[in-house]
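For the record, the sequence lines run as chains A, B, C and D. Going by our numbering, the first residue of the first sequence is number 1, and it counts up by one from there. Going by our numbering, the first residue of the second sequence is number 346, and it counts up by one from there. Going by our numbering, the first residue of the third sequence is number 872, and it counts up by one from there. Going by our numbering, the first residue of the fourth sequence is number 1217, and it counts up by one from there. Glycine is no exception: its CB is placed at the ideal position from the N, C-alpha and C atoms. Quantities reported herein were computed from a predicted structural model and do not represent experimental measurements. Encoded as structure tokens, the structure appears first; notes follow it.
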Amino acid sequence: MSAVMGVSRHRLFWPVMALLVLLLLNTLRAPTFLAIEVRDGHLFGAPIDILRNSSPLLLVALGMTLVIATRGIDLSVGAVVAISGAVALSFIASSSDPGSVGTVLVAVVIAVVLSFVLGSWNGFLVSVVGIQPIIATLVLMTAGRGIAMLITGGQITTITSAPFRTLGSGFLLGLPVAVLIAGGIFALVTVLTRRTALGMLIEAVGINPAASRLAGLRSRGIIFLVYALSGTFAGIAGLLISSNVMAADANNAGLFIELDAILAVVIGGTSLAGGKFSLSGTLVGVLVITTLTLTVTVLGVPPSVTPLFKAVVVIAVCLLQAPVVQRQLRARRRAAVPAAVEATV
Amino acid sequence: MTTTSDAPLAAPAADPVPVVQMSGITISFPGVKALEDVALTLRAGEIHSLMGENGAGKSTMIKALTGVYQVDSGSIRVHGQEMTFKGPAQAQAAGISTVYQEVNLCENLSVAENIMLGHEVRRGPVIDWRATRARSREHLAALNLDIDPASTLSSHSLAVQQLVAIARAMTVDARLLILDEPTSSLDAEEVAQLFAVMRTLRDRGVAILFVSHFLEQVYAVSDRMTILRNGKLVGEYRTAELPRMQLVSKMIGTSLEVLEELEENPRRSAATREGATPYLQAIGLGRRGSVQPFDLDVYPGEVVGLAGLLGSGRTELARLLAGADRPDAGEVKVEGRPVRLRTPRTALGHDIAFSSESRKTEGIVGDLTVRENIVLAMQAERGWARRIPRRQADEVVAKYIDALGIRPPQPEALVRNLSGGNQQKVLLARWLATAPKLLILDEPTRGIDVGAKAEIQRLVAGLAEEGMSVVFISAELEEVVRLSHRIAVMRDREKVAEIDNSEHVTVPDVVSLIAGSDVHPSDVHA
Amino acid sequence: MLTDRTDPALKPASGAVVAAPARDRRRLPKLDQRFTPMLGTFVVLIAMFVIGGLRYENFLSGAVISNLFINNSFLIVIAVGMTFVILTGGIDLSVGAVAALSGVMAAALFQAGWPAGIVIPLSILVGSLLGLVVGLMIHYFEIQPFIATLAAMFLARGLCYVISLSSIPIADPTVVALSGTRWVFGDGWTLTPSVLIALAVVAVAVYVLHLTRFGRTVYAIGGGEHSAQLMGLPVARTKVLVYVISGSCAGLGGFLFSVYSRSGYSLTGVGMELDAIAAVVIGGTLLTGGFGFVLGSVLGVLELGLIQTIITFEGTLSSWWTRIVIGVLLLAFVVLQRVLVLRRR
Amino acid sequence: ACGGGSTEPAAGGGSAAAGGGGGDTITVGFSQVGAESGWRAANTKSIQDTLTEENGFQLSFSDAQQKQENQIQALRSYIAQGVDVIAFSPVVETGWDAVLEEAKAAEIPVVLTDRAVDTADESLYVSFIGSDFVLEGERAGTWVSETLGTEPINVVELQGTTGSAPANDRKSGFESAIADNPNVTVVASQTGNFTRSEGRTVMEGFLQSQDDIDVVYAHNDDMGLGAIEAIEAAGLVPGEDIKIVTIDAVKDGMQALADGKISYIVECNPLLGPDLAEIIKSVVAGEEVEKRIVVEDQEFDQEAAIEALPTREY
Ligand SMILES: Nc1ncnc2c1ncn2[C@@H]1O[C@H](COP(=O)(O)OP(=O)(O)OP(=O)(O)O)[C@@H](O)[C@H]1O
Ligand SMILES: Nc1ncnc2c1ncn2[C@@H]1O[C@H](COP(=O)(O)OP(=O)(O)OP(=O)(O)O)[C@@H](O)[C@H]1O
Ligand SMILES: [Mg+2]
Ligand SMILES: [Mg+2]
């Protein structure tokens, strides 16, 4: 009993519940929804789809979590996604041997380095020039898609390159490569922030910048770093997204991904006011959002009410997490427990 | 020592209906029972002190009364009527005006607005700014404060902000005025002014609840006191009938050692400096609009006190030494080598630690735990990549929680939830943990109870003995004189004198220097 | 110059008690500091006019300046509401969708033959109502503004789709009159009812923010919600009202837009929230709350409009260069403003 | 005033020449919707490449970034600049009367491209060149109904951006074409926002929730291409297990059609430049022009695609 109550008090209880409810809804509609089968040595099924589709969003949301923890926000991730895909695919398309591993590797490196540079640019504007994050990243958000279009000439660049396809659609050890990449980076960031002191320093800067400065933190460096990381992760996400469809769409790749990422971060319990952050929370938030997207299709929600449906789910998850509601629920449970005990006697 | 003074008072003789009567108050926070069955009675025309160590529950009691916290059980009667306030606004409407412990004003607004917010003079629905400002000026004048009401609050030092908060509390025609540590950063003159105002109000029939860790002040101003210990009620006493020693023993709950220590604390005399290189040497260091260029040497093992009036520039001087502000003139030498202290980080790199006077805005990182707050500066020095191993951190944290008596002694508690005094101790621990060679302490004893204050003073003395240099700022001149080897006197943002401390130097000497009259020329290097 | 009279910090208080000379020396730059960001915006705006005037023919004309107001009247109204929200440290992402909802609803009701006397108030009220819901969610359920308003954005957009998927023309005589009326003063200087309404809203906002207790409470909350609460200010009511104001402004803005375009369409105002936020922030308001002025936001809107005008006058930019140039101009504006602010400090 | 070359040597071209005008060149102001898709980019390119100075045009181009207010502002600016002809692709169908009246008052003829405007007064524009979205949907529907609808089939629909004119029209056109064939049922319909990645995600959802899908009808090639990825990932063969019908006929789509992955494409031709140039010339010459010019849209099956592919421009 107390174990159950302990679980229900956990920070992530309600987001996880939301995820389970969505999965349940899907299973009710399509009974084989949760089934995972092995086809040609790969795992296959809706849960795998969810994981694979979550990968790019997870990457973007990871960077966003760190940025938000420092009280910032990064609106430019969508543009970076577009640029990264555009650069990689243009490079591969123009190379003499699009199918070779070497070409793809070079393209990936170029794209990731460029994304790092773009992230650093944001970091520079925020930490050195001192522009408010929302405006600083708005600059790249606006200009970025233009740059991506400039690279692709406004067209959708399409390629056929088996190694590149592997990134988004390939399998390794039965699991999608994209999931392995995102999972690996997730683990890396977790280690980076929790096994070193970086996490704590980021939180300190986010909670009280003035105190952190006096405590000797190099807050500029830290802020710079989180934006650089955010850009880099967005770039990798861009590679996954473009590999997914084997095309670089400068206009639509990663469109509104910043909103989804922020939403995921917040559903995961990280406050937009900065400070304490939770990477596992972000992971759950991302899964909720991807599952929600799939649910809309599976349930056959008409497009015209899709936004309404999303709004209702988001509001429900947030309301359940609200402190007021939590207190109420707890009080009710407390009242209910003695009664239950009496009944068993 | 008579038995009557020791025993709680019998039923109050005077006013049959107290202004406020709280009884059976219990409040718990997750993990802490902050108050347990506490009673408090406040009568019209009386100044009542609420006494207790850091974390005893004084501020919580006040917040329970004003509706910031909801009580778990207990009753609050205002003028005999049972009341539950849902928030400070309701308490204010019922005639209870409060100055909370941490200055809770809006730094972005002007002084006048901070005083008058919610009570602005209006003509119809429109605020009459001229009248509002005039009114605020009156309230400031009552406290002898002549600052421009139109200036932004953040441009004033903490002490001024505290006075502004008090002025705000006076705008309401209150029947009960609550002052939670209003004097912690005021100097003697301001305190006297405040007490005069308090007495006037008392004579007008206002009930006043006063919290302070300065025993002199409590004895000087209050008629009655209620003592709390560990969230429990010890008793209510008439001030005149309770000797200090007993008060302290009731607050602490054990022997009187601490207070004795406080009294016998050794008088510092000038250390031998011949041939030694100063650890830190400031030459013509200054910053336009903030501090006039000054020279200052701090030798190893020396405590240098900074004395001066409110706003005389002590904080600004300290900030220049700590790299918190950038000087625009002069140079700094550390161990004889010229250095540039561009940021607190570089200062820390030269083993210079600085504890700021504003613990809320520049000190604690509220949402981090006690452990994290203590190791923060240490960690900053090591860089992010090399995390302090858990075991080492635990050791350091345990050591300082123990040494400074941080309560609750839980490393995982959020600093935000600690009482004010305990937050200050956490900050001290943070700096001590970096093992600095020069420790700059700006009002380190602000809001700290007698026991802990003695503890900190002893600590500072001990550290100096071990060879650490200390720059010590305090609004309490006694403390400065007692602890320092040398005292630098500030006036109008300028270092005006420097005295070698000795048996002959007294507080009045320093005061006269601050005031600008002359003293024994032999002790002064102006 | 309403503020001149109303803001205490603006005038060197003549009757003030004499302060120490040392303090006086510091106070002068201090006083300006709150206005420097806004002044910065203003200076940059003027500079752009001058440069534009030198570069393009007919740029410095009454027509261009009038059009700047006419084309942006709805955005001015929305930015005013946004300013209230941001001053308290919040944010409102729903304004674009609410504006669309207001417009679509108005168009649908006009189509159904309802009279203007009912439709116009209704279209504003629908915004107020959504704002109220958002405000309650934020204050009583402690949901972060970003998320609450994001949910409201989905909700409003969803309602738009439910009302109509395609755009609805408005033939109501009142609206036609409103959109057709133009008062021309000599050389191209033009005024429209929408501009008048927008300016009236600005005037009312300045009045409310600087001359009423409610307005000062808004600033106090931005300075520190907790402090404001302890000071006994009506924080709850003010916070909720601020979102009601923003919602109402979005409603009115949406109606003005439907007047401007004589139609209602569910896809209007996508991204308008970002424009509004950008305008407010460019106008010198801090996203953390407590600092800023409505007039700054108006300047911010004009600045964004001016960027668009310059792009149009340039006339040779391809689609992607348009975006890049907008980004670069935005950057130039904010960096220049930042430099001006730093300089004055 | 125009500062001339002294201040901005690089910028001398555009506006100065526009102002100087005269002669044989026709000044045209063109306001594009935005750059939201590859189709749009091809459309823009076609117009910019046709209305060149060699061909006797002076083009002033602006991108409204899908905002009606930007577009209205651009049109006003063209009116102020006194161009010879205004052309634009309206972001929305409604709300143009006021600005078009201004153009009419200034005696500047207006040509619409790609999308129509909804107005009571048809004299506000001289001509509308563009495809008929409803017709495109109908043609796709007719093909499905006639070729595949001989036995009961389940169709899933990938819609364009909710609320956009092409999405609305292509949906209704398709529906009306299959209305009398009881064999054809649309079992699921969801928006893929005209993009490949959303097309893929939505198709994945369809594959999970629908047991038996025979045909995918996508409102554009990109969503169809995304669906192909999803179908292949599910271990099915596009074109055989599931047939795909799309609209647009961009190069990538044609390639997929040639490869047999897509079964049928209805063209929506973005190359409006030449037609537009012709119309403008006639208008300026004072000739009578047709009010509605429907662009020649073709339909492609695999053979036609293989044939057309080598010469495909976009
Ligand atoms: N919001 C809170 N959450 C958890 N614990 C709290 C909270 N507020 C206060 N406490 C705890 O309640 C106890 C009483 O604190 P309180 O602030 O009343 O002490 P105090 O007597 O005012 O001390 P000081 O003299 O240091 O100001 C402390 O142990 C403190 O940590
Ligand atoms: N940024 C500023 N602008 C204008 N005046 C300021 C500013 N900062 C401080 N002051 C004023 O300068 C004076 C000196 O402040 P400082 O904090 O150095 O004094 P102090 O000697 O440390 O006194 P205390 O800390 O006891 O108030 C104060 O009166 C304060 O009001
Ligand atoms: Mg306290
Ligand atoms: Mg000080």
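Give me the chain A residues within the contact set of C/Thr-1183, using Cβ-Cβ distance strictly less than 8 angstroms, ordered along the chain.
The residue you call residue 1183 of chain C lines up with position 312 of the third sequence. Chain A residues near C/Thr-1183: none, gap ~16 angstroms exceeds 8 angstroms.
Any beta carbon from chain D within less than 9 angstroms of A/Val-298's own beta carbon?
Locating residue 298 of chain A in the first sequence gives position 298, counting from the first residue. Closer than 9 angstroms: yes.
Counting only Cβ pairs nearer than 7 angstroms, list the residues of chain A close to B/Val-710.
Your numbering for residue 710 of chain B matches position 365 in the second sequence. Within 7 angstroms Cβ-Cβ: Ala-204, Ile-207, Asn-208, Ala-211 and Ser-212.
Should D/Ala-1443 and D/Arg-1416 be called a contact, given that it needs their Cβ atoms to be closer than 9 angstroms?
Counting from one through the fourth sequence, the residue named residue 1443 of chain D turns up at place 227. Counting from one through the fourth sequence, the residue named residue 1416 of chain D turns up at place 200. Contact flag set, yes.
Can you give me, in chain order, the residues of the region 1364 to 1379 of chain D that have a beta carbon less than 8 angstroms from any beta carbon in chain C?
Thr-1377, Thr-1378 and Gly-1379
Spatial neighbours of C/Arg-897 within its chain, please: C-beta separation below 6 angstroms, excluding the five flanking residues on both sides.
Within the third sequence, numbered from 1, the residue matching residue 897 of chain C stands at position 26. Bear in mind that a pLDDT of 39 at C/Arg-897, under 50, signals an unreliable position, so the number given afterwards is only what the model happens to contain. No residues qualify anywhere along the chain.
Just how far apart, CA to CA, sit B/Ile-523 and C/Thr-1156?
Mapped onto the second sequence, residue 523 of chain B falls at position 178. Mapped onto the third sequence, residue 1156 of chain C falls at position 285. Roughly 36 angstroms between the two C-alpha positions.
Between the C-alpha atoms of B/Leu-607 and B/Ser-502, what's the straight-line distance to the nearest angstrom?
Position 262 of the second sequence, counting from 1, holds the residue named residue 607 of chain B. Position 157 of the second sequence, counting from 1, holds the residue named residue 502 of chain B. Low confidence applies to B/Leu-607: its pLDDT is 49, below 50, so where it sits in the model is not reliable enough to give any reading.
Locate the beta strand (DSSP E) running through B/His-393, then write down its first and last residues.
Against the second sequence, residue 393 of chain B aligns to sequence position 48. That run of the beta strand (DSSP E) goes 392 to 396.
Please determine whether the Cβ atom of B/Thr-405 lies at a distance below 8 angstroms from any heavy atom of ligand 1.
If you number the second sequence from 1, residue 405 of chain B lands on position 60. B/Thr-405 Cβ: within cutoff of ligand 1.
Tell me, to the nearest whole angstrom, how far the beta carbon of B/Leu-749 is from that of B/Ala-797; I am working on the premise that it is less than 8 angstroms.
The count along the second sequence starts at 1 and reaches residue 749 of chain B at position 404. The count along the second sequence starts at 1 and reaches residue 797 of chain B at position 452. The pair is a contact, with the Cβ atoms about 7 angstroms apart (cut-off 8 angstroms).
I need the boundaries of the beta strand (DSSP E) containing D/Val-1432, first residue and last residue.
Here residue 1432 of chain D refers to the residue found at position 216 of the fourth sequence. 1431 to 1434 is the extent of the beta strand (DSSP E) around D/Val-1432.
Does any CB atom of chain D fall closer than 9 angstroms to the CB of A/Val-245?
Mapped onto the first sequence, residue 245 of chain A falls at position 245. By this cut-off, A/Val-245 is an interface position.
Inspect the beta-carbon positions of B/Ala-519 and B/Ile-572 and report whether they are closer than 9 angstroms.
The residue labelled residue 519 of chain B in the question sits at position 174 within the second sequence. The residue labelled residue 572 of chain B in the question sits at position 227 within the second sequence. 9 angstroms or more divides the Cβ of B/Ala-519 from the Cβ of B/Ile-572.
Can you tell me which of the three DSSP states B/Lys-577 falls into?
Translated into the one-based positions of the second sequence, residue 577 of chain B becomes position 232. The answer is strand: DSSP assigns B/Lys-577 an E or B state.
Report the option in B/Val-710, B/Asp-642 and B/Met-367 whose CA atom is closest to the CA atom of B/Val-679.
The residue labelled residue 679 of chain B in the question sits at position 334 within the second sequence. The residue among B/Val-710, B/Asp-642 and B/Met-367 with its C-alpha nearest the C-alpha of B/Val-679 is B/Asp-642.
Counting only the same chain and skipping the five closest in sequence on each side, list residues whose C-beta sits under 7 angstroms from that of A/Glu-37.
Here residue 37 of chain A refers to the residue found at position 37 of the first sequence. Short of 7 angstroms from the beta carbon of A/Glu-37, and not among the five residues preceding or following it, lie these beta carbons of its own chain, in chain order: Phe-44 and Gly-45.
Interface partners of B/Glu-726 on chain A, CB under 7 angstroms
By one-based count along the second sequence, residue 726 of chain B stands at place 381. Within chain A, the residues near B/Glu-726 are Gly-216.
Please state the DSSP three-state secondary structure of C/Ser-1038.
Position 167 of the third sequence, counting from 1, holds the residue named residue 1038 of chain C. Coil.
Which word fits D/Ala-1321, buried or exposed, when buried means at least 16 other C-beta atoms lie within 10 angstroms of its C-beta?
In the fourth sequence, counting from the first residue as 1, residue 1321 of chain D sits at position 105. D/Ala-1321 should be labelled exposed.
Mind pulling the chain C residues with CB within less than 8 angstroms of D/Val-1308?
In the fourth sequence, the residue the question calls residue 1308 of chain D occupies position 92. From the beta-carbon of D/Val-1308, the residues of chain C found nearer than 8 angstroms are Ser-1038, Ser-1132, Ser-1134, Tyr-1136, Leu-1138 and Thr-1139.
Distance cut-off 8 angstroms: B/Glu-458 Cβ against heavy atoms of ligand 3
Against the second sequence, residue 458 of chain B aligns to sequence position 113. No; taking the cut-off as 8 angstroms, the Cβ of B/Glu-458 has no heavy atom of ligand 3 nearer than that.
Best match in A/Leu-173, A/Ala-234, A/Ala-264 and A/Ile-110 for proximity to A/Pro-56 [C-alpha to C-alpha]
In the first sequence, the residue the question calls residue 56 of chain A occupies position 56. The shortest Cα separation from A/Pro-56 among A/Leu-173, A/Ala-234, A/Ala-264 and A/Ile-110 belongs to A/Ala-234.
May I ask you to list, following chain order, the residues of the region 1169 to 1203 of chain C that have a beta carbon less than 9 angstroms from some beta carbon of chain E?
Chain labels in this structure do not include chain E; the protein chains are A, B, C and D.
Residue-level contact to chain D via CB, C/Phe-1128, 9 angstroms cutoff:
To locate residue 1128 of chain C, count along the third sequence from 1; it is residue 257. The beta carbon of C/Phe-1128 falls within 9 angstroms of a beta carbon belonging to chain D, placing the residue at that interface.
Separation of C/Cys-1031 from A/Ser-76, as counted between CA atoms:
Numbered from 1 along the first sequence, position 76 holds the residue referred to as residue 76 of chain A. Numbered from 1 along the third sequence, position 160 holds the residue referred to as residue 1031 of chain C. The alpha-carbon atoms of A/Ser-76 and C/Cys-1031 are separated by roughly 28 angstroms.
Does B/Arg-736 pass the burial test, meaning 16 or more other C-beta atoms within 10 Å, or should it be called exposed?
Position 391 of the second sequence holds residue 736 of chain B. Exposed: under 16 other Cβ atoms inside 10 Å.
DSSP three-state label for B/Pro-638, please.
Along the second sequence, one-based indexing puts residue 638 of chain B at 293. DSSP places B/Pro-638 within a strand segment (E or B) once states are collapsed to three.
Minimum length 4: unbroken alpha helix (DSSP H) runs contained in the region 12 to 81 of chain A:
13 to 29 and 46 to 69
Going along chain A in order, which residues have a C-beta closer than 9 angstroms to the C-beta of B/Thr-706?
Position 361 of the second sequence, counted from the first residue, corresponds to residue 706 of chain B. By Cβ distance, chain A contributes Asn-208, Ala-210 and Ala-211.
Sequence-distant residues of its chain with Cβ nearer than 8 angstroms to B/His-484 (five each side left out):
If you number the second sequence from 1, residue 484 of chain B lands on position 139. So the list reads Ile-460, Ala-512, Arg-513, Met-515 and Thr-516, once near-sequence residues are dropped.
Nearest to B/Val-760 by alpha carbon, out of B/Ser-496, B/Ala-533, B/Arg-704 and B/Cys-451?
Locating residue 760 of chain B in the second sequence gives position 415, counting from the first residue. Selected option, being the one with the closest Cα: B/Arg-704.
If we ignore side chains and look at the alpha-carbon of each, how far apart do B/Arg-775 and A/Leu-201 end up?
Here residue 775 of chain B refers to the residue found at position 430 when the second sequence is read from its first residue. Here residue 201 of chain A refers to the residue found at position 201 when the first sequence is read from its first residue. In this structure, the alpha-carbon of B/Arg-775 lies about 14 angstroms from that of A/Leu-201.
In chain order, what residues of the region 412 to 437 of chain B put their CB closer than 9 angstroms to some CB of chain C?
Val-413, Gly-432, Pro-433, Ala-434, Gln-435, Ala-436 and Gln-437
Using only CA atoms, which one of B/Val-825, B/Gln-538, B/Ser-496 and B/Glu-824 lies nearest to B/Ala-565?
Walking along the second sequence from the start, residue 565 of chain B turns up at place 220. Nearest of B/Val-825, B/Gln-538, B/Ser-496 and B/Glu-824 to B/Ala-565, Cα basis: B/Gln-538.
Say yes only if the C-beta of B/Gly-383 is nearer than 8 angstroms to one or more non-hydrogen atoms of ligand 1, and no if none qualify.
Here the question's residue 383 of chain B lines up with position 38 in the second sequence. First, the residue type needs correcting, since residue 383 of chain B is Val and not Gly in the sequence shown. Not so, every heavy atom of ligand 1 lies at least 8 angstroms from the Cβ.
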